[in-house]
Amino acid sequence: MKKIAIIGGGVAGLSAAVYALRANADATMFEQFGFGGQTANLGEIENYPSYKNIEGWQLASNMVEQAKALGLKTVREKVLSLTKGDDFVIKTDKAEWHFPAVIVATGTSHNKLGFEAPYVGKGVSYCATCDGNFYRNRPVAVVGGGTPAVREATYLADLCSVVYVVVPGENFRAEELAVNHLLQKSNVKVLYNSQVSVIHCDDVVSAMDVFDGKESKTLEVNGIFVAIGAAPSTEFINIEGVARQNGYLVVDDKRKTTVDGLYAAGDVTNGPMKQIVTACADGAIAGTFASAYSGMISKKQN
């Protein structure tokens, strides 16, 4: 019997489940919170193939229903640790589980400003590629001074009327060439040594207050993109030999990590793009090869 565990219930994990189950594997998904991951919290999505537009929660719900219809088992418990002996051992806050193969699809956690949560989906976003098109020819802001902020602002400058970049320090902390490219955009206005102190929002974001250490000013914006970094959720993995790149799990073209039987998919990996469609593709690959590996181990044991 092919037997695999999937840690993480976002779109990468759900895609992995579909492909594993269709390969006749016994798949168990561990997810402490709601299924669908960050996708379930997005607003309208316009860049997922086959849909002109679809709400994030609806896309996530469709994927959950599909996986469950195929026989996905779910465990609504927090994974405390993943270790390896003869098998992989998953310890939750309630039990201990053993599997010959595991797929990690836990994604990332965006670094937060600390007060923007009520406005997410109403004008506050963490992904310009996902949501930038909603603000075409409208004023927006990007908060952050590192590479993610420069990348987001550069992308938005080709869509939006004005892009305010709120940089917390005296300078950008990004590659000089990329910064220079951004600064050449005529509709980009950089506010150094500044921070967003207030977000004005009724039904949708309409403005923000920016404080530069001396005075505060109100700027009209319809979108605020928070780009102060993200961290991969891998702190529970306690296995020697698992390679990481800036904290992200290093995988090969089969989405296998540097440890046999341990696979990863989606934003938690060192892949170049963090998108729903690429996460789904990762999941499909990981689900297929993790199932095959589990089947090989099962045959050897029998």
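Letter by letter, the sequence shown follows residues -20 to -1, 1 to 282 of mature numbering (1 follows the signal peptide of the UniProt record, and there is no 0). For glycine and all other residues, C-beta sits at the position ideal for the given N, C-alpha and C. All values reported here derive from a predicted model rather than from experimental measurement.
Query                                                                                                                                                                                               : Result
To which residues of the same chain is residue 261 closer than 7 angstroms at the C-beta, ignoring the five residues directly before and after it?                                                  : none
Could you check what DSSP says for residue 48 in three-state terms: helix, strand or coil?                                                                                                          : helix
Please work out which residues of its chain come closer than 7 angstroms, Cβ to Cβ, to residue 59, disregarding the five sequence neighbours upstream and downstream, and give them in chain order. : -14, 10, 70, 72, 216
Decide yes or no for the touch test of the segment 224 to 242 against the segment 146 to 162: beta carbon pairs closer than 8 angstroms, at least 3 of them.                                        : no
For residue 71, verify whether its CB is less than 7 angstroms away from any heavy atom of the ligand FAD.                                                                                          : Looking at this structure, you won't find the ligand FAD or any other ligand, since it has none at all.
Please name the residue in 196, 281, 210, 268 whose C-alpha comes closest to that of residue 248.                                                                                                   : 210
Look at the Cβ atom of residue 169, then the Cβ atom of residue 135, and state whether they are nearer than 8 angstroms.                                                                            : no
With distance defined between alpha-carbon atoms, name the residue in 100, 208, 175, 184 nearest to residue 126.                                                                                    : 208
Start and end of the alpha helix (DSSP H) containing residue 263?                                                                                                                                   : 256 to 281
Do residue 100 and residue 21 come within 8 angstroms of each other at the CB atom, strictly closer than that value?                                                                                : yes
Using the Cβ count rule (16 or more neighbours within 10 Å means buried), how would you classify residue 19?                                                                                        : buried
Which first and last residues belong to the alpha helix (DSSP H) in which residue 127 is found?                                                                                                     : 127 to 137
Within 8 angstroms of any Cβ in chain B, is that where the Cβ of residue 13 sits?                                                                                                                   : This model lacks chain B altogether, as it is built from one protein chain only.
Suppose contacts are defined by Cβ-Cβ distances below 8 angstroms. Is residue 108 in contact with residue -5 by that definition?                                                                    : no
Please return the same chain residues whose Cβ sits closer than 8 angstroms to the Cβ of residue 57, not counting the five positions on each side in sequence.                                      : 10, 12, 72, 73, 74, 75
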